[in-house]
């Protein structure tokens with residue numbers, strides 16, 4: 136099972152609304168939904184006759200398609216022209232039907248469903264496995280409760296002790312990531328390269344969101360080399376010989392396709408704080424390494440620190456979502472380049488987190504700026 140299973144299981148007991156599960160390809164959306172709803176009628180929109188039937192937007196065609204079933208799963212619905220219209224017709228005209236839909240491109244689904252399904256849907260998200268999910272599924276651990284995330288909120292942040300070598304797993308996750316199939320195909324770089332190509336370009340190109348595939352590929356490689364650094368749109372524009380509007384749009388498409396995510400600066404408008412830049416990280420470090428075709432060992436890598444930073448921040452963001460902790464995520468930086476990798480804000484509580492593969496000193500500058508904030512140093516030894 137997955138960390139988000141409970142909220143999906145309870146959806147139709149709480150809401151009379153369409154269940155939408157969003158996430159990148161191959162993160163396990165379909166597998167989980169078919170386990171949770173084993174009696175549901177399942178249709179993949181990859182199937183051309185199914186796609187044509189759904190694009191009829193005809194209630195009689197839909198009735199024939201659904202038959203006597205009460206639950207229906209429409210998988211990868213973003214591939215039809217107007218998924219929102221399709222879902223609205225089913226929801227409005229077949230009120231006894233519990234409709235479950237999945238999609239890999241939130242850019243397309245949200246644009247097409249926001250107006251049509253206003254007040255009629257609840258969105259859920261699925262990401263590559265959390266570390267806890269991975270260790271639970273390979274039977275290293277017997278619980279899905281992520282103690283390493285919850286200890287961030289404890290008064291005393293300290294190392295947890297396990298019966299296995301955490302360093303081995305951390306290094307493996309940094310290189311190969313946490314897509315579910317990596318459980319069954321450990322260290323399979325061919326799989327990861329193929330996954331990168333399908334995750335990155337299959338939806339994007341089929342939906343005609345990007346005009347220049349080579350430009351998109353080159354941009355993503357540059358972003359992969361810049362994880363943890365400030366993104367300079369003007370510099371990217373010059374390097375790639377493309378206008379800034381196109382660069383910004385392609386970055387948004389990568390973000391809306393669950394390939395990357397952004398962090399923005401934390402500020403209370405102090406004069407010496409950076410306020411407008413952003414950083415980019417990948418949802419999965421294995422996918423990032425596939426983009427740049429580098430699966431070399433951790434001890435030989437010059438990007439070890441950036442990879443660990445990406446792993447930790449992506450992990451905390453996943454755990455935050457699944458645990459409904461409602462934390463906001465930022466980085467902090469001053470104009471004289473004093474920096475904290477991650478700032479988590481939960482209500483009025485501010486926590487600065489310095490993330491380094493090896494142990495580091497406390498950032499006194501952040502503590503001086505925010506004396507009321509907590510400050511934690513996370514490294515490979517105490518992360519888990």
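Residue numbers (the numbering used here): 136 to 519.
Glycine included, C-beta positions come from ideal geometry on N, C-alpha and C.
Keep in mind that this is a model prediction, so the values were computed, not measured.
Whole-angstrom C-beta distance between residue j and residue i, which should lie under 8 angstroms
i           : j           : result
residue 146 : residue 154 : 5 angstroms
residue 446 : residue 327 : Going by Cβ atoms, the distance from residue 446 to residue 327 rounds to 15 angstroms, so no, they are not a contact pair.
residue 441 : residue 363 : 4 angstroms
Proximity winner among the options, relative to residue i (alpha-carbon distances)
i           : options            : result
residue 407 : 487, 207, 468, 170 : 468
residue 314 : 510, 393, 290      : 393
residue 288 : 508, 503, 160, 195 : 508
residue 477 : 462, 309, 177      : 462
residue 501 : 472, 518, 492      : 472
residue 217 : 380, 435, 245      : 245
residue 532 : 226, 251, 258, 220 : Here the chain comprises residues numbered 136 to 519, so residue 532 is not present and cannot be evaluated.
residue 223 : 241, 255, 231, 351 : 255
residue 298 : 318, 307, 151, 276 : 276
residue 448 : 342, 360, 265      : 265
Same chain, Cβ closer than 7 angstroms to residue i, five either side skipped, listed in chain order
i           : result
residue 355 : 335, 389, 426
residue 482 : none
residue 456 : 260
residue 78  : Here the chain comprises residues numbered 136 to 519, so residue 78 is not present and cannot be evaluated.
residue 324 : 430
residue 301 : 519
Opposing strand residues paired with residue i [DSSP bridges]
i           : result
residue 237 : 156
residue 486 : 479, 509
residue 400 : 466
residue 257 : 154
residue 179 : 210
residue 365 : 414
residue 395 : 417
residue 474 : 468
residue 408 : 469
Residue i: first and last residue of the uninterrupted beta strand (DSSP E) it sits in
i           : result
residue 370 : No beta strand (DSSP E) contains residue 370, which is instead part of the alpha helix (DSSP H) from 368-375.
residue 210 : 206-210
residue 303 : Careful: residue 303 lies outside any beta strand (DSSP E), inside the alpha helix (DSSP H) at 301-311.
Residue span of the alpha helix (DSSP H) that contains residue i, given as start and end
i           : result
residue 415 : Per DSSP, residue 415 belongs to no alpha helix (DSSP H); it is in the beta strand (DSSP E), 414-417.
residue 285 : 282-285
residue 358 : 348-360
residue 458 : 439-458
residue 225 : 218-228
Closer than 8 angstroms: residue i CB and nearest the ligand ADP heavy atom
i           : result
residue 206 : No copy of the ligand ADP occurs in the structure displayed, which carries no ligand at all.
Residues of its chain near residue i, where Cβ-Cβ distance is below 8 angstroms and the 5 sequence neighbours each way are ignored
i           : result
residue 357 : 371, 374, 375
Neighbourhood of residue i by C-beta, 6 angstroms cutoff - its chain only, sequence neighbours within 5 removed
i           : result
residue 269 : 313
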